[in-house]
Amino acid sequence: MISIKKKSRLVYPIIVPTSYGKVGTINSYILNDGDSLSLIDAGIHTEKYKDALITTLAANGYRIRDLSRILLTHHHEDHVGLVNWILQKKDIPVYAHHEAVPRLMVEQEFLVMRKNFFTELYISMGCIEEAQPRLEKLQQTIEHKNENTLQTNIRPLGEGDSILGMKVLETQGHSADSISFYDEERQWLLAGDVVLKKTTTNAIVDPDIKGNRLPTVKQHKESLKRLQQLDVEYLFAGHQEIIEDHHNVISQKLDKIQHKANRLYSFINEGTNLPKEIAQNLYGHKFNTEFSLVMSEVIGYLDYLEEEGLIGKSLQNGIWHYKALK
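By the count of the numbering used here, the sequence shown reaches residue 326 at its end, each step adding exactly one.
Now the structure itself:
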């Protein structure tokens, strides 16, 4: 696919197959508004992705130096990988949600707070021993923070803002800083990882910039419902294929959220009340091989069920025990 055009604007998709995770591809998009070029997400830092960006630009008559700005849907490494490389070639503004700023600028105070947040969280969930590799990785990020800092000042965007005639929508859940860009006139939605065609989007537990644990599953569900109500012809996703039937795809994702919540509730209702045991029963060997994502998923759904009034918890010897209330 070379381009998608509507009402004098074009999108040039950059869709690169990858073995990164289980997402299939890593996608970025070049938006040509007639006056300038914007890069929406900057992929992963590999030679393969650099070549894909250069080739896509060249196929449409452009070079890196023709880019005018970078818009980031969120801070994850497979969406920001080429930012510094591009900035070395041309100094252009970078836009992202304000929650992305301490993450992308790798701010020391934020990193220390985040490590302490996860240490306390894993203790209270009864899995501190299994969490050691994750906590060590967080420590390494603190010690090598200068290697990953974006070499620019982020221009913050949030709900109610607009850029290039597109509405900025806060669509948290997958990350604390997830935003989507909605071109209502063309019915285009650039949504990052909020919804993917073939795989589930993880609602990843994280603190906000003040250290408060975010209700990620609830946020993700609300974001999906919101996007489902929009008139959308093309949903430009951060991975896999461009979505042309977003209403049906989102319905499937919402059903899956409810299915996961029901399944987790069943374990608790049947007497499994420790978060670590719930995770092991739900995910088997993945508890060890994909510890961070598995515990994030379980904690997120525990928070969701608690907020729905379906479960309660009590602290015993520093570890939360859950029980069904209905």
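Ideal Cβ placement from N, Cα and C applies to all residues, glycine included.
* 6 Å Cβ shell around D161 - same chain, five flanking residues per side excluded -> Within the sequence shown, residue 161 is the residue found at index 161, counting from 1. Excluding sequence neighbours, D161 sits near V168.
* Asked: According to the neighbour-count rule (16 or more other Cβ atoms, all chains shown, within 10 Å of its Cβ), is P215 buried or exposed?
  -> For the purposes of this step, residue 215 is taken as the residue at position 215 of the sequence shown. It is buried - the Cβ of P215 has at least 16 other Cβ atoms within 10 Å.
* Asked: In this structure, does DSSP put Q316 in helix, strand or coil?
  -> In the sequence shown, residue 316 corresponds to position 316, counting from 1. Strand at Q316.
* To do: Can you give me the Cβ contacts of T329 inside the same chain, cut-off strictly under 8 Å, excluding the 5 residues immediately before and after it?
  => This structure cannot settle anything about residue 329, because the visible part of the chain is limited to 1 through 326.
* To do: Determine the burial state of L150: buried for a count of at least 16 other Cβ atoms within 10 Å of its Cβ, exposed for fewer.
  => Residue numbering aside, residue 150 sits at position 150 when the sequence shown is read from its first letter. L150 should be labelled buried.
* Going by CA-CA distance only, name the one from K5, V23, E307, I54 that's closest to K89. => Here the question's residue 89 lines up with position 89 in the sequence shown. Comparing Cα-Cα distances from K89 to each of K5, V23, E307, I54, the minimum goes to I54.
* To do: Could you say if the stretch 115–134 and the stretch 294–310 meet the contact criterion of at least three C-beta pairs nearer than 8 Å?
  => yes
* H321 versus E308, E307, L302, residue with shortest Cα-Cα distance -> Here the question's residue 321 lines up with position 321 in the sequence shown. Among E308, E307, L302, the Cα nearest to that of H321 belongs to L302.
* **Span of the alpha helix (DSSP H), counted from its first residue to its last, around N248** => For the purposes of this step, residue 248 is taken as the residue at position 248 of the sequence shown. It spans 246–269 - the alpha helix (DSSP H) in which N248 sits, taken as one unbroken run.
* List the DSSP bridge partners of W188. => By 1-based counting over the sequence shown, the position of residue 188 is 188. In DSSP, W188 forms a bridge with D183, Y234.
* Asked: Which value, in whole angstroms, describes the spacing of the CA atoms of D231 and M166?
  -> To locate residue 231, count along the sequence shown from 1; it is residue 231. To locate residue 166, count along the sequence shown from 1; it is residue 166. When rounded, the distance between both Cα atoms is 14 Å.
* To do: State yes or no: is the C-beta of H246 within less than 9 Å of the C-beta of E170?
  => For the purposes of this step, residue 246 is taken as residue 246 along the sequence shown, with counting starting at 1. For the purposes of this step, residue 170 is taken as residue 170 along the sequence shown, with counting starting at 1. Against a cut-off of 9 Å, the Cβ pair of E170 and H246 comes out as no contact.
* **Residue closest to K145, alpha-carbon to alpha-carbon, out of T119, S180, I163, V106** => Against the sequence shown, residue 145 aligns to sequence position 145. Comparing Cα-Cα distances from K145 to each of T119, S180, I163, V106, the minimum goes to V106.
* Take the Cβ of I2 as the centre, count every other Cβ of all protein chains shown within 10 Å, and call the residue buried at 16 or more, exposed below. => If you number the sequence shown from 1, residue 2 lands on position 2. I2 comes out exposed.
* **DSSP state of A203 mapped onto helix, strand, coil** => Taking the first residue of the sequence shown as 1, we reach residue 203 at position 203. Note: A203 maps to coil in three-state DSSP.
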